[in-house]
Amino acid sequence: MKKKLIATTSEHFKSVFQHKPEAVFLSPGRINIIGEHLDYNDGFVLPAAINKYICFAVSVSETDECTLVAKDLNETYQFNWRDEIQPLDKMWVNYMLGVLHQLKERNFSLKGINIVFSSTIPMGAGLSSSAALECGFGYVLNKLFHLGLSREEIALIGQQAEHTFVGVKCGIMDQFASVFGKKNKVIKLDCTTLEHEYHAADFKNYSLLLIDSNVKHTHLTSGYNTRREEVEAGLAIIQRRFPSVKTFRDCIEEQLIELQEELGETLFKRCHFVVNEIRRVNEAVYALDRNNFEALGKLMFETHEGLSKEYAVSCEEVDFLVDFVKNEKQVIGSRMMGGGFGGCSINLVEKGSEEALFEKISQAYFEQFGIQLNRYKVKIAKGTSKVKKKIKN
Ligand code: GLA
Numbered sequence: 020m021k022k023k024l025i026a027t028t029s030e031h032f033k034s035v036f037q038h039k040p041e042a043v044f045l046s047p048g049r050i051n052i053i054g055e056h057l058d059y060n061d062g063f064v065l066p067a068a069i070n071k072y073i074c075f076a077v078s079v080s081e082t083d084e085c086t087l088v089a090k091d092l093n094e095t096y097q098f099n100w101r102d103e104i105q106p107l108d109k110m111w112v113n114y115m116l117g118v119l120h121q122l123k124e125r126n127f128s129l130k131g132i133n134i135v136f137s138s139t140i141p142m143g144a145g146l147s148s149s150a151a152l153e154c155g156f157g158y159v160l161n162k163l164f165h166l167g168l169s170r171e172e173i174a175l176i177g178q179q180a181e182h183t184f185v186g187v188k189c190g191i192m193d194q195f196a197s198v199f200g201k202k203n204k205v206i207k208l209d210c211t212t213l214e215h216e217y218h219a220a221d222f223k224n225y226s227l228l229l230i231d232s233n234v235k236h237t238h239l240t241s242g243y244n245t246r247r248e249e250v251e252a253g254l255a256i257i258q259r260r261f262p263s264v265k266t267f268r269d270c271i272e273e274q275l276i277e278l279q280e281e282l283g284e285t286l287f288k289r290c291h292f293v294v295n296e297i298r299r300v301n302e303a304v305y306a307l308d309r310n311n312f313e314a315l316g317k318l319m320f321e322t323h324e325g326l327s328k329e330y331a332v333s334c335e336e337v338d339f340l341v342d343f344v345k346n347e348k349q350v351i352g353s354r355m356m357g358g359g360f361g362g363c364s365i366n367l368v369e370k371g372s373e374e375a376l377f378e379k380i381s382q383a384y385f386e387q388f389g390i391q392l393n394r395y396k397v398k399i400a401k402g403t404s405k406v407k408k409k410i411k412n
C-alpha cells in the first residue's frame with residue numbers, strides 16, 4: 020500500500036508538472052495506546068506512528084510561486100510565498116499555510132515549490148491526518164531548503180500552525196508521534212519537557228484493532244477548545260488552595276476531593292479525569308514492559324470510562340463500540356482514541372479473533388445506528404522520512 024501510494028503520488032506529480040518529482044516524503048498518522056487529553060495537561064502520553072501516510076511528491080520551482088495539489092480532493096492552490104499569508108476558508112490549505120507562516124515568522128528564506136500530496140490516513144477518524152499534513156510539509160521544506168530545523172522544532176511548528184491557522188488549541192502528541200515514530204515502538208512522551216523514551220510495542224498474543232465509528236469530527240467545532248478552558252480554570256482553583264501544585268502532575272485525588280464543592284461538578288469531573296489518567300499512563304507503561312496485557316487492557320477500559328463520563332469527549336456511537344466488546348472475552352481492552360467526539364476505538368484483542376469480532380460488532384452497530392463500521396489493520400512504523408529509493412517513471 021505504501022509503494023502504491025508513492026507510485027500514484029509521483030505519477031500524478033509528473034502528469035501535473037511534466038517532470039519527475041525531485042524527492043518524495045512520507046508522513047505518518049498515529050495511534051495512542053493510553054494518555055488521552057493529557058498532552059495539554061502536563062501529562063504523559065503513549066502514542067506511536069503507524070503505516071498510514073500522507074505522501075508528498077515535491078520539487079523546487081524556478082520562481083517564488085508555490086503550487087499545492089491535493090490529489091485526493093482534486094484541488095489546487097497557487098500563491099507566491101512572499102505575499103502576506105492568511106488563513107482561508109479551505110481547511111487543507113490552512114494546515115500548510117500555517118506552517119509556512121511559522122517559517123516566515125522565523126525569517127527563513129524560501130523559494131517556490133511544487134507539491135502533490137495524497138493520503139491513506141482516513142480523515143476525522145482520530146488518526147491525526149492533520150498533524151501528518153502539517154509536519155510532513157514542515158519536514159519537506161526543512162529538507163528542500165536546508166533550514167536546519169530539528170524534529171522537535173518541526174513538531175512544534177506543526178502544532179503552532181494548527182493553533183494559529185486552524186484554530187484548534189491542540190497539544191503536541193500528534194505532531195510528536197508523527198515526526199518521532201519508530202518501527203515497533205511506542206513513545207512515552209513527557210508533555211511538559213518533551214523528554215521521551217521508546218518502549219517495545221510487542222503485544223505477543225494480542226493485536227491492536229482500530230474500529231472506526233464513521234462518526235466524523237473536526238476539533239474546531241467539537242468541545243476540544245472548551246475542554247482546555249475548563250481544565251485551565253480548574254487548575255487555577257487548585258493552585259489557589261494548594262500553591263505547591265504547579266501542574267496536574269503534582270496534584271493528588273485527595274486535594275481534588277477537598278475542593279469538590281468549589282470546583283463544581285463539571286470542573287471536578289474534568290480535573291478528576293486528568294489526575295487519574297496521568298496515573299494510568301505510568302501504570303500502563305509498567306504493565307506493557309512486563310507483558311501484563313490484562314492489566315494494560317483494564318486501564319484502557321478505565322480510560323474510556325473517564326473520557327466518556329468525566330471528560331465528556333466520547334459520543335453515543337463510540338460508547339456503543341466499547342460497551343459491546345466488554346462482553347467479548349477475546350477483547351481485553353478498549354477505549355476511544357484521540358480527541359474524541361467520534362473517530363476510532365482502539366481495542367486490544369486476541370490474535371486471530373479480529374475478523375469474527377468485527378463481523379459481529381458491525382452487524383450490531385448497523386442495527387443500532389444504520390452506519391457501516393470500518394476497521395484498520397495498522398503496524399507501528401517510523402516517523403516522517405524521505406523516500407530513499409530512486410523514483411521510477
Ligand atoms: C487531538 C489533539 C491532541 C490530543 C488528543 C487527545 O488528537 O490534536 O493534541 O490532545 O486530541 O489526546
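So for the sequence shown, this note's numbering puts the first residue at 20; every next one is plus one.
C-beta atoms are modelled at their ideal positions from N, C-alpha and C, and glycine is treated no differently.
- Message: Measuring straight from C-alpha to C-alpha, what distance separates Leu57 and His182?
- Response: Indexing the sequence shown from 1 puts residue 57 at position 38. Indexing the sequence shown from 1 puts residue 182 at position 163. Straight-line Cα distance between these residues: approximately 17 Å.
- Item | CA-to-CA distance, Val337 to Lys405, given in whole angstroms | Taking the first residue of the sequence shown as 1, we reach residue 405 at position 386. Taking the first residue of the sequence shown as 1, we reach residue 337 at position 318. Taking the straight line joining both Cα atoms gives about 36 Å.
- Query: What number of angstroms, rounded off, separates the C-alpha of Cys74 from the C-alpha of Thr27?
  - Reply: For this step, residue 74 is matched to residue 55 along the sequence shown. For this step, residue 27 is matched to residue 8 along the sequence shown. Each residue's alpha carbon lies about 10 Å from the other.
- Message: Going by the DSSP bridge assignment, what does Cys74 pair with across the sheet?
- Response: Here residue 74 corresponds to residue number 55 of the sequence shown, with the count starting at 1. Per DSSP, Leu45 and Ser137.
- Cβ pair count under 8 Å reaching 3, the region 54-71 against the region 201-217: yes
- Message: I need the residues with a C-beta less than 5 Å from some heavy atom of ligand 1; please give them in chain order.
- Response: Glu55, His56, Asp58, Cys189, Gly190, Met192, Asp193, Gly357 and Gly358
- With DSSP run on the structure shown, which of helix, strand or coil describes Lys265? What you label residue 265 is simply residue 246 of the sequence shown in a count that begins at 1. In this structure, Lys265 counts as coil in the three-state DSSP scheme.
- Message: If I follow the unbroken alpha helix (DSSP H) through Arg298, where does it start and stop?
- Response: Your numbering for residue 298 matches position 279 in the sequence shown. Looking at the DSSP string, the run of the alpha helix (DSSP H) that includes Arg298 is Gln279 to Asp308.
- Among all the DSSP beta bridges, which residues are the ones paired with Asp231? Taking the sequence shown and counting its residues from 1, one reaches residue 231 at position 212. Bridge partners of Asp231: Cys363 and Asn393.
- Message: Once DSSP output is grouped into helix, strand and coil, what is the label at Tyr59?
- Response: For this step, residue 59 is matched to residue 40 along the sequence shown. Three-state DSSP puts Tyr59 in coil, outside helix and strand.
- Cβ contact check for the region 227-246 and the region 346-365: 3 or more pairs under 8 Å: yes
- Message: Going by the DSSP bridge assignment, what does Met355 pair with across the sheet?
- Response: The residue given as residue 355 occupies position 336 in the sequence shown. In DSSP, Met355 forms a bridge with Ser364.
- Hey, how far is the Cα of Leu129 from the Cα of Ile176? Translated into the one-based positions of the sequence shown, residue 129 becomes position 110. Translated into the one-based positions of the sequence shown, residue 176 becomes position 157. Approximately 16 Å, taken between the alpha carbons.
- Query: Hey, out of Gly54, Val185, Ser137 and Asp221, whose CA is closest to His120's CA?
  - Reply: Numbered from 1 along the sequence shown, position 101 holds the residue referred to as residue 120. Comparing Cα-Cα distances from His120 to each of Gly54, Val185, Ser137 and Asp221, the minimum goes to Val185.
- Task: Find the nearest neighbour of Val198 within the set Ser147, Gly361 and Ser137, judged by alpha-carbon distance.
- Result: By 1-based counting over the sequence shown, the position of residue 198 is 179. Answer by Cα proximity: Ser147.
- Message: Rounded to whole angstroms, what is the Cα-Cα separation between Glu378 and His323?
- Response: Reading the sequence shown from its first residue, position 359 is the one you call residue 378. Reading the sequence shown from its first residue, position 304 is the one you call residue 323. Those two C-alpha atoms are separated by around 23 Å.
- So what's Ser80 in DSSP terms, helix, strand or just coil? Reading the sequence shown from its first residue, position 61 is the one you call residue 80. Coil at Ser80, not helix or strand.
- With distances taken from CA atoms, which of Phe32, Ala67, Ala42 and Val43 is nearest Ala400? Taking the first residue of the sequence shown as position 1, residue 400 is located at position 381. Closest option to Ala400, Cα to Cα, is Ala67.
- Query: Asn412 to Glu30, Cα distance in whole Å?
  - Reply: To locate residue 412, count along the sequence shown from 1; it is residue 393. To locate residue 30, count along the sequence shown from 1; it is residue 11. Unreliable positioning characterises Asn412 in this predicted model, as indicated by a pLDDT of 46, which lies under 50. A coordinate reading is not provided.
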